[in-house]
Amino acid sequence: MYKIMTPGPVQVPENVRLARSRSTTNADLDPVFYDEYKELCELISELLHTKNETLILSGEGILGLEAACATLTEPGDRVLVLDNGIYGAGFADFVTMYGGEPVLYTTDYLNEIDVDAFAEFLKDNHDFKYAAVVHCDTPSGVLNDVHRICPLLKSYGILSVVDSVSGMFGNELDIDQGQMDIVCGGSQKAVSAPPGLTFVTISDDAKKAMENRKVPVASFYCNLNIFKDYYEKQWFPYTMPISDIYGLVAAMENIKNDADLYTRHHKIAVATRKAIEEAGLTNHLQSGFSDTVTVFNVPEGLTANDILNRMQEAHGIMLAGSFGDLEGKVIRIGHMGASANEADMIATLAALDETLAYLGWEAKATLVESFQKNFV
């Protein structure tokens, strides 16, 4: 088995794995499970600092993103897509397939969105039903300040859809303070559960827009409206994956009981980026660094596959390359959730030191010693 140090999926704690082996009931008929599901949804809302309802959907994180767009978008709707990364641009596909008109606000892919410049853009361009923004765009690791972006959108009456699948519970998120309408997360990132679940928080403003549509949602599975009054009716629109839900309960309890969660993520991220620089490697981004992933450029003369293969074959550690325009150009180190701990990072960076030296790259300093020096 590899030590998984990728930006999702991540390592799964033993108590989460064991929780998934609990005896199960009939999730469609047992009123106790409806209580358990609702209590878990309420815990997620609490951990994200929101009074908004949370729904847990059976599917990987992309399901939540598509469901948000499917349920909000009507034919002809103008939708603003904030594009400073591969996932940001990808929202345009969801908007188009459900009949909307995506308008891209495209900025530098090496930096976070400049909120002041965005504010100037909105002064003359704010005729949009909603806007889609990525909190952490994993392919590059860029983190956008959704706590400033979403209130700005709200001031113009524009709803917000936030993809925080790779940011949530690694970077602090206060949904109510940030006036965010729909926020999507996933089980396999900093939550540290296996892939298979997505959760979506929905504001009252978003509910009104979804429920007052003029045309039906062009999907069943991607329709958030089908969950309306599920608890009162004791009826799920489809059978819930009960074992996955039990695992998610344990994962969320881990998060609730982890007082050092955000401090640890931040310390590891800062120390890793400094180690990259001191060794003579180049961090891919110029600004907007996420606390859940570090991305560095492949050194000249090496290939991404050379590095990834050596890390796996010689050290049993799995890192990640990227895709799209970044394919073959960068290496991504995930330090999110259960993988965000000092011991695993030291092992990973020591292995990366050996890998780079084996491949003939001469470092200015060792990654592991630089990390330990800067982990304060």
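Numbering of the sequence shown is given in the numbering used here, commencing with residue 57 and proceeding in unit increments. Beta carbons are placed, not taken as given, at the ideal position from N, Cα and C, and that holds for glycine.
For residue i, the three-state DSSP class (helix, strand or coil)
{"i": "residue 74", "result": "helix"}
{"i": "residue 310", "result": "helix"}
{"i": "residue 255", "result": "strand"}
{"i": "residue 304", "result": "helix"}
{"i": "residue 214", "result": "coil"}
{"i": "residue 102", "result": "helix"}
{"i": "residue 19", "result": "Coverage of the chain is limited to positions 57 through 432, which leaves residue 19 absent and any answer about it impossible."}
{"i": "residue 238", "result": "strand"}
{"i": "residue 285", "result": "coil"}
{"i": "residue 198", "result": "strand"}
{"i": "residue 95", "result": "helix"}
{"i": "residue 260", "result": "helix"}
{"i": "residue 59", "result": "strand"}
{"i": "residue 111", "result": "strand"}
{"i": "residue 227", "result": "strand"}
{"i": "residue 268", "result": "coil"}
{"i": "residue 28", "result": "Outside the shown range of the chain, which is 57 to 432, sits residue 28, and nothing can be said about it."}
Per-residue burial, residue i [other beta carbons within 10 Å of its own, 16 or more giving buried]
{"i": "residue 249", "result": "buried"}
{"i": "residue 58", "result": "exposed"}
{"i": "residue 76", "result": "buried"}
{"i": "residue 243", "result": "buried"}
{"i": "residue 414", "result": "exposed"}
{"i": "residue 420", "result": "exposed"}
{"i": "residue 271", "result": "exposed"}
{"i": "residue 136", "result": "buried"}
{"i": "residue 379", "result": "exposed"}
{"i": "residue 109", "result": "buried"}
{"i": "residue 252", "result": "buried"}
{"i": "residue 85", "result": "exposed"}
{"i": "residue 73", "result": "exposed"}
{"i": "residue 225", "result": "buried"}
{"i": "residue 179", "result": "exposed"}
{"i": "residue 230", "result": "exposed"}
{"i": "residue 241", "result": "buried"}
{"i": "residue 184", "result": "buried"}
{"i": "residue 313", "result": "exposed"}
Neighbourhood of residue i by C-beta distance below 8 Å, restricted to the same chain and skipping five residues each side
{"i": "residue 294", "result": "114 and 277"}
{"i": "residue 66", "result": "60, 244, 245, 246, 248, 390, 392, 393, 394 and 395"}
{"i": "residue 260", "result": "108"}
{"i": "residue 232", "result": "105, 106, 107 and 108"}
Neighbourhood of residue i by C-beta distance below 6 Å, restricted to the same chain and skipping five residues each side
{"i": "residue 404", "result": "61 and 373"}
{"i": "residue 285", "result": "none"}
{"i": "residue 371", "result": "407"}
{"i": "residue 279", "result": "127 and 273"}
{"i": "residue 296", "result": "83"}
{"i": "residue 187", "result": "136, 209, 214 and 216"}
{"i": "residue 147", "result": "137 and 188"}
{"i": "residue 92", "result": "none"}
Beta-carbon contacts of residue i that lie in its chain and below 7 Å, excluding the five residues immediately before and after
{"i": "residue 152", "result": "158"}
{"i": "residue 182", "result": "212 and 214"}
{"i": "residue 401", "result": "324, 328, 391 and 427"}
{"i": "residue 366", "result": "411, 414 and 415"}
{"i": "residue 290", "result": "87 and 90"}
{"i": "residue 302", "result": "75, 76 and 78"}
{"i": "residue 281", "result": "127, 266, 267 and 273"}
{"i": "residue 69", "result": "248, 310 and 394"}
{"i": "residue 322", "result": "347"}
{"i": "residue 63", "result": "194, 222, 348, 349, 376, 388, 390 and 392"}
{"i": "residue 202", "result": "189, 191, 218, 234 and 236"}
{"i": "residue 320", "result": "396"}
{"i": "residue 336", "result": "419 and 420"}
{"i": "residue 342", "result": "166 and 167"}
Beta carbon proximity, residue i to chain B, threshold 8 Å
{"i": "residue 162", "result": "Absent here is chain B; the protein component of the structure consists of one chain."}
* **Cβ contact check for the region 207–221 and the region 349–356: 3 or more pairs under 8 Å** => no
* To do: Evaluate the contact criterion for the region 163–178 versus the region 137–146: three or more CB pairs, one atom per stretch, below 8 Å.
  => yes
* To do: May I have a chain-ordered list of the alpha helix (DSSP H) segments no shorter than 4 residues that lie completely inside the region 120–196?
  => 142–153 and 171–180
* Would you check if there are 3 or more beta carbon pairs closer than 8 Å linking the region 250–265 to the region 120–139? => yes
* Asked: In chain order, which continuous runs of the alpha helix (DSSP H) of length 4 or greater are located wholly inside the region 343–427?
  -> 360–371 and 398–414
* Is there contact between the region 76–91 and the region 229–236, where contact requires at least three CB pairs shorter than 8 Å? -> no
* the region 299–318 touching the region 92–99, judged by at least three CB pairs closer than 8 Å -> yes
* Are the region 167–177 and the region 215–228 in contact at 8 Å, needing three or more beta carbon pairs? -> With a cut-off of 8 Å on Cβ pairs, the region 167–177 is not in contact with the region 215–228, counting fewer than three such pairs.
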